[in-house]
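What follows is one structure encoded as structure tokens, with my remarks underneath.
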Amino acid sequence: MSDLDQLADLQHGVISRAQALAAGLTVDALLWSLRSGRWQRVHAGVYATHTGPLPYEAQVWAAILRAGRGAVASHRTAAHLDGLYDDPGPVIHVTVPADRYVEPRIDGVRVHYAHRLPLTRHPAKNPPRTRLDETVLDLVDVAPHPRDAETWVTAACQRRLTTPERLADSLGRRKKIRWRPMVEAMLADVADGAQSPLELRHLRRVERAHGLPTGCRQRRVAGSRVIWIDVDYPDYHLRVELDGRIGHTGEGRFRDRRRDNRATVDGHATLRYGHADIFASPCTVAAEQARVLRTRGWTGRPRPCAPSCPVRPVIIKDRWGDDAMPLS
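Quick note on numbering: the sequence shown equals residues 1 to 328 in full-length UniProt numbering.
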């Protein structure tokens with residue numbers, strides 16, 4: 001293979017005008033390749049060395065080459081390339097060093113600028129992109145809502161692409177980032193086992209806000225078949241399952257049912273909640289959960305999180321007429 005062929009193969013069939021000329025191709029030969037239909041123009045000065053639709057990686061390479069020196073895939077594009085997000089979206093995101101400016105506007109491409117790009121760029125991946133931890137934090141920084149920021153962090157850890165410790169390390173090296181206090185607190189919660197925005201919400205707005213006992217999150221239980229419990233209270237034989245959309249449809253529904261049935265046979269109670277319960281009515285969930293915990297031996301004191309909260313300590317009298325432990 002010629003140098004030009006090797007370069008095109010490395011770049012998923014895409015090359016820039018400057019690369020083609022540097023590899024020995026003449027201007028006339030380049031124009032002939034375009035006019036004959038052997039090549040196709042993708043962006044100004046960027047060509048595909050084949051006909052037909054471009055695979056996604058080729059589209060990313062074309063955007064990087066058009067953006068020029070130091071450019072890498074970033075944000076949602078890098079997230080898709082690394083398996084963090086299944087949908088690449090309609091726009092390709094690239095980041096270039098902050099000392100450069102890319103003009104004019106590139107169709108279908110959004111250009112970001114970063115001062116620390118040499119440090120955040122992955123040293124080897126193809127197409128070039130930001131490191132996974134930096135990609136997550138880039139997405140957090142542009143997240144319009146706290147829940148979006150939570151989704152990126154929990155998805156990266158849930159898919160085992162990174163760890164809370166690595167994200168915290170990368171976060172510490174950033175001077176400015178949106179949602180920093182929330183992300184710092186969230187990383188501690190993710191390290192304790194919360195693996196989704198739904199689980200984070202249960203931990204914070206149900207469990208902690210109402211003084212309930214701390215559950216064991218993502219507990220692995222081995223038997224004839226390994227099962228995972230979202231939130232387990234082993235001292236009280238109570239399990240809480242939080243049903244997001246993934247893993248709880250089709251075969252997942254039957255797997256959940258078998259797991260719950262086995263738990264009941266073994267003397268465990270199971271409470272099951274979805275997004276509508278945890279996000280819309282966390283206080284109602286807490287009141288229900290507190291009642292079940294008390295019937296199973298918990299002697300703690302649930303507390304209301306606000307004046308309108310339905311969790312109410314109800315003082316009962318013992319046989320001598322003195323105040324005893326409150327019930328929710």
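C-beta: ideal position from N, C-alpha, C; glycine also. Everything numeric in this text was worked out from a predicted model, so none of it was measured.
Task: Pair within 8 Å by beta-carbon distance, Leu117 and Pro97 - done: In this structure, Pro97 lies closer than 8 Å to Leu117 by Cβ.
Open item on the list: In whole angstroms, give me the CA-to-CA distance for Cys305 and Asp86.
Closed with: Straight-line Cα distance between these residues: approximately 37 Å.
Open item on the list: By the DSSP assignment, the alpha helix (DSSP H) with Thr95 in it spans what residues?
Closed with: Counting along the chain, Thr95 falls outside any alpha helix (DSSP H), though it belongs to the beta strand (DSSP E) covering Ile92 to Pro97.
Open item on the list: Taking its Cβ as the centre, do 16 or more other Cβ atoms sit within 10 Å of Arg173, making it buried, or is it exposed?
Closed with: Taking all protein chains shown into account, Arg173 has fewer than 16 neighbouring C-beta atoms within 10 Å of its C-beta and is therefore exposed.
Open item on the list: Bridge partners for residue 363 per DSSP, in chain order?
Closed with: This structure cannot settle anything about residue 363, because the visible part of the chain is limited to 1 through 328.
Open item on the list: Pairs of beta-carbons, one from the stretch 57-75 and one from the stretch 130-141, closer than 8 Å: are there three or more?
Closed with: Yes, they touch.
TODO: Output the distance between the C-alpha atoms of residue 329 and Trp39, rounded to the nearest integer angstrom.
DONE: What the structure shows of the chain is the stretch from 1 to 328, and residue 329 is not part of that stretch, so it cannot be assessed.
Open item on the list: Can you tell me whether Thr154 is buried or exposed? The criterion is at least 16 other CB atoms within 10 Å of its CB, across all chains shown.
Closed with: Thr154 should be labelled buried.
Open item on the list: Taking only three categories from DSSP, how would you classify Gly172?
Closed with: Correct three-state label for Gly172: helix.
Open item on the list: So, under 8 Å CB-CB, Phe279 and Arg217 are touching, yes? Tell me the CB distance rounded to an integer number of Å.
Closed with: Not really, about 18 Å apart at Cβ, beyond 8 Å.
- [ ] Decide if Pro104 is buried, meaning its Cβ has at least 16 other Cβ atoms within 10 Å, or exposed.
- [x] It counts as exposed.
Open item on the list: Tell me the residue span of the alpha helix (DSSP H) that contains Val136.
Closed with: Leu132 to Asp141 is the span of the alpha helix (DSSP H), which, as asked, contains Val136.
TODO: Under the assumption that Val231 contacts Gly215 (Cβ atoms under 8 Å), give the Cβ distance between them as a whole number of angstroms.
DONE: Here Val231 really is in contact with Gly215; their C-beta atoms are around 4 Å apart, less than 8 Å.
Open item on the list: Would the stretch 274-288 count as touching the stretch 177-185 if we require 3 or more Cβ pairs under 8 Å?
Closed with: The stretch 274-288, when compared against the stretch 177-185, does not touch it at the 8 Å Cβ threshold.
- [ ] Sort Cys309, Arg205 and Val14 by Cα distance to Thr51 and report the nearest one.
- [x] Answer by Cα proximity: Val14.
Task: Thr130 to Glu241 span [Cα, whole Å] - done: Approximately 35 Å, taken between the alpha carbons.
Task: 7 Å CB neighbourhood of Pro197 in its chain, flanking five on each side removed - done: If we look at Pro197 and ignore the five residues flanking it on each side, its Cβ neighbours are Arg147, Glu150, Thr151 and Thr154.
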